[in-house]
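Sequential numbering from 322 applies to the sequence shown in this note's numbering.
These notes are about the structure you will find just below.
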Amino acid sequence: MKLKNLFLLFFILALVLIGCSNKQTQVNDIDGTSSKKAITDNESNEFPNEELYQDIFLSTLNPYIDKAIKQHYGSTVVTDPLYVDIISAERVQGYRSLDFELKVKVKPYKGAHIVVGEDIITIKVNPRKVEVLNFEHVKDYQLPPNLQ
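As structure tokens, then:
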């Protein structure tokens, strides 16, 4: 089962880093002109597929990110993909290699999404495993008395 999850993670990472072609559909605008628009995961077509792929990818990485966060802050602090930004993503061994190193900025929170700090996590991803290489605590935020 673990190998299957790693394969899925690798596949999603490949989609994010390599990119996929957007499906397009012909749309007639109110003024009678027509244009092509990308088909996305919402009805309004506001967001590009890249955002969809990033959300899928970060959701897949979240258990590794969450484990690193809990090791630093304890079990009462959590995070989710909406509180994670990708700082950098690179191929470690050059073009078309399948070893990746990512840096993500995480804003973990307590309770009703009250951010407790900022951290930078370096993650290694390849077809065989996902591994947190480094955890850097950057900043603490002042918490209300009931959450301290």
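Note that beta-carbon positions come from the ideal geometry of N, C-alpha and C, so glycine has one too.
Check each candidate in the options and name the one with the smallest Cα separation from residue i.
{"i": "I435", "options": "Y462, Q414, L454", "result": "Y462"}
{"i": "Y430", "options": "T400, K323, I441", "result": "T400"}
{"i": "L382", "options": "I442, N467, G438", "result": "I442"}
{"i": "V405", "options": "L464, V453, Q375", "result": "Q375"}
{"i": "L454", "options": "G438, K424, K428", "result": "K424"}
{"i": "Y385", "options": "E439, P465, F456", "result": "F456"}
{"i": "Q392", "options": "F378, I408, D440, L464", "result": "D440"}
May I ask which residues mark the beginning and end of the alpha helix (DSSP H) holding residue i?
{"i": "N383", "result": "370-394"}
Please state the DSSP three-state secondary structure of residue i.
{"i": "K428", "result": "coil"}
{"i": "N467", "result": "helix"}
{"i": "K323", "result": "helix"}
{"i": "V459", "result": "strand"}
Whole angstroms is fine: what's the gap from residue i's alpha carbon to residue j's?
{"i": "H458", "j": "P448", "result": "28 Å"}
{"i": "A433", "j": "K426", "result": "20 Å"}
{"i": "V451", "j": "A410", "result": "14 Å"}
{"i": "V446", "j": "Q414", "result": "12 Å"}
{"i": "T397", "j": "R412", "result": "34 Å"}
{"i": "D362", "j": "L373", "result": "Confidence in D362 is poor, its pLDDT being 48 and thus under 50, which makes the residue's placement unreliable; the coordinate value appears in the next sentence. Near 7 Å, if we compare the C-alpha coordinates of L373 and D362."}
{"i": "E422", "j": "I444", "result": "6 Å"}
{"i": "S380", "j": "L403", "result": "9 Å"}
{"i": "Y394", "j": "K460", "result": "12 Å"}
{"i": "P466", "j": "A389", "result": "25 Å"}
Which first and last residues belong to the beta strand (DSSP E) in which residue i is found?
{"i": "T443", "result": "438-446"}
{"i": "A433", "result": "A433 -> no beta strand (DSSP E), and no H or E assigned at all."}
{"i": "S418", "result": "No beta strand (DSSP E) contains S418, which DSSP labels as neither H nor E."}
{"i": "V405", "result": "405-412"}
Considering only heavy atoms of the ligand HEM, does any lie closer than 7 Å to the CB of residue i?
{"i": "V405", "result": "For the structure depicted, the ligand HEM is absent and the ligand set is empty, with no information on it obtainable."}
Open item on the list: Contact between the stretch 410-420 and the stretch 366-384 is defined here as three or more beta-carbon pairs at a separation below 8 Å; is this criterion met?
Closed with: No, they do not touch.
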